[in-house]
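> Under numbering that gives the first Met the number 0, the first residue of the sequence shown carries the number 0, and numbering increases by one thereafter.
Here it is: the structure, laid out below.
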Amino acid sequence: MVKNGNLDSLEDISSITVDMDRLYSATHEEIMSGLTTDVYFLKTRDVLRRAGKINTPVVAEFFARGNGVYAGLTEAMQILRHKNVSVYSLNEGDTFTPKEVVMRISGPYSEFGLYETVLLGFLASSSGWATAARQCVEAADGKPVLCFGARHVHPAIAPVMERVAMEAGGCSGASCMLGAKLAGHNPMGTVPHAAVLIVGDTVELARFYDEEIPEGEPRIVLIDTFKDEAEESLRVAQALGNRLYGVRLDTPGERGGVTAELVREVRYRLDIAGFSHVKIIASGGLNPERIRVLSEAGVDSFGVGSYIAHGTPRDMTMDLKVVDGIPIAKRGRLPGIIENPRLKRVK
Numbered sequence: 000m001v002k003n004g005n006l007d008s009l010e011d012i013s014s015i016t017v018d019m020d021r022l023y024s025a026t027h028e029e030i031m032s033g034l035t036t037d038v039y040f041l042k043t044r045d046v047l048r049r050a051g052k053i054n055t056p057v058v059a060e061f062f063a064r065g066n067g068v069y070a071g072l073t074e075a076m077q078i079l080r081h082k083n084v085s086v087y088s089l090n091e092g093d094t095f096t097p098k099e100v101v102m103r104i105s106g107p108y109s110e111f112g113l114y115e116t117v118l119l120g121f122l123a124s125s126s127g128w129a130t131a132a133r134q135c136v137e138a139a140d141g142k143p144v145l146c147f148g149a150r151h152v153h154p155a156i157a158p159v160m161e162r163v164a165m166e167a168g169g170c171s172g173a174s175c176m177l178g179a180k181l182a183g184h185n186p187m188g189t190v191p192h193a194a195v196l197i198v199g200d201t202v203e204l205a206r207f208y209d210e211e212i213p214e215g216e217p218r219i220v221l222i223d224t225f226k227d228e229a230e231e232s233l234r235v236a237q238a239l240g241n242r243l244y245g246v247r248l249d250t251p252g253e254r255g256g257v258t259a260e261l262v263r264e265v266r267y268r269l270d271i272a273g274f275s276h277v278k279i280i281a282s283g284g285l286n287p288e289r290i291r292v293l294s295e296a297g298v299d300s301f302g303v304g305s306y307i308a309h310g311t312p313r314d315m316t317m318d319l320k321v322v323d324g325i326p327i328a329k330r331g332r333l334p335g336i337i338e339n340p341r342l343k344r345v346k
């Protein structure tokens, strides 16, 4: 049977039916029940039950093989909060080094062993996104970085990515509505090129945009759709005047992308025309190296998508280090608890 909605034995698999007329992403209930874990952890429950050892007290430690920015703890605690275990962990947003213990769980193996796959997945993916976001934030050196990565990942995980990019990575905002809300922010963004193309003129679009969006929201206008970016910047600035907060450069790679030379020209022409208050926002294939170059050229804030979304997951591992009070480990690992004074008790 499925105990309290959770998988308990290999026999439970045969009783589960899956509706194929659905999105393929796992529901929250499926994750919490253990259905997204590897099947061998369910087999392990049956084997340990037969051996009379399913409730053996253990200590498990989690570490990564590389360095990075730690994230995923918030979701991991959704699994562990009602379990009879104690948990020590780094804080979300802390940096870690290779092989450093980032989380430790103590308690009966039956309480959390089934969820090894899930817990590692939370930490691995989230830490990868947080690390990529932090690299961009550090490259911007105090200038705002917004996460625009939702279009580069499956929509089921887009809000996870954008939340950790802000909460652990340090991004100032995000465009994905759910991701921003989960981080306690309002989503940020202007309008896409599609709106400019349909209206047919950048200045006309800017006027409609100014009339429609609420007061207090910055007026930021894309200026690379139809004409030269410097020319469009001046046209939009002349149309909106002091109401224009900024112009966004998103020049496609087919036209050379956003370059330092382009940024300097736009900045120069805006300044000599009396629009020094207008900010320059850059987006489109940005990475830490390009952020540094464009920041020096005069960009005031950055929208980063693919670099954060494609952040390499940190290869996380969970090892049992103490079994029934006895230090133990598989070959190649050191038995017993590896002390890390940076860990704090979170449960």
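Just so it is clear, CB atoms sit at the ideal spot from N, CA and C, and this is done for glycine as well.
Owing to the predicted nature of the structure, the values given are computational and were not obtained by experimental measurement.
Between ILE15, LEU9, GLU60 and GLY67, which has its C-alpha nearest ARG48's C-alpha?
LEU9
> Out of MET102, LEU119 and ARG254, which has the shortest C-alpha to C-alpha gap to LEU89?
Checking every option, the nearest Cα to that of LEU89 belongs to MET102.
> I need the straight-line Cα distance from ARG344 to PRO56, nearest angstrom please.
18 Å
> Given this structure, state the Cα-to-Cα distance separating MET0 from THR311, to the nearest angstrom.
Any reading at MET0 must be qualified, since the residue scores a pLDDT of 38, below 50, and its modelled position is unreliable; the value itself is stated next. Each residue's alpha carbon lies about 38 Å from the other.
> Among ASP37, GLY120 and ILE280, whose alpha-carbon lies nearest the alpha-carbon of THR73?
GLY120
> Can you give me the C-alpha to C-alpha distance between PRO287 and ALA131, rounded to a whole angstrom?
9 Å
> Could you pull out every residue in the same chain whose Cβ sits closer than 6 Å to the Cβ of VAL298, ignoring the five residues on either side in sequence?
VAL262, ILE279 and ALA281
> How would you call LEU333, buried or exposed, if buried means at least 16 neighbouring beta carbons within 10 angstroms?
exposed
> When you compare only the Cα positions, how much space is there between PRO107 and THR36?
Here the C-alpha atom of PRO107 lies approximately 18 Å from the C-alpha atom of THR36.
> Where does LYS320 land, buried or exposed, given buried means 16+ other C-beta within 10 angstroms?
buried
> Report all residues from its chain with a CB closer than 6 Å to the CB of GLY127; omit the five preceding and five following residues, and keep chain order.
GLY310, THR311, PRO312 and ARG313
> How long is the line joining the alpha carbons of THR316 and GLU110, rounded to whole angstroms?
18 Å
> Could you tell me if the beta carbon of ARG80 falls within a distance shorter than 7 Å of some heavy atom in the ligand PLP?
As for the ligand PLP, it is missing from this structure, which has no ligand bound.
> What are the boundary residues of the alpha helix (DSSP H) that includes TYR87?
No alpha helix (DSSP H) holds TYR87; the beta strand (DSSP E) holding it covers 85–88.
> Can you tell me which of ASP140, ARG150 and TYR267 puts its alpha carbon nearest to the alpha carbon of GLY170?
The question names Gly, yet the displayed sequence has Cys at residue 170. Residue ASP140 holds the alpha-carbon nearest to the alpha-carbon of CYS170 among ASP140, ARG150 and TYR267.
> Return the CA-CA distance between ILE337 and ALA129, expressed in angstroms with no decimal places.
Cα-Cα distance, rounded: 25 Å.
> Bridge partners of LYS278, per DSSP?
In the DSSP output, where bridge partners are listed per residue, LYS278 has GLY245.
> When you compare only the Cα positions, how much space is there between ASN339 and VAL322?
Whole-angstrom Cα-Cα distance: 19 Å.
> Would you say the segment 264–275 touches the segment 234–247, given that touching needs at least three Cβ pairs under 8 Å?
yes
> Which value, in whole angstroms, describes the spacing of the CA atoms of ALA25 and THR250?
37 Å
> Jot down the residue ranges of each uninterrupted beta strand (DSSP E) in the segment 186–229, minimum 3 residues, whole runs only, in chain order.
218–221
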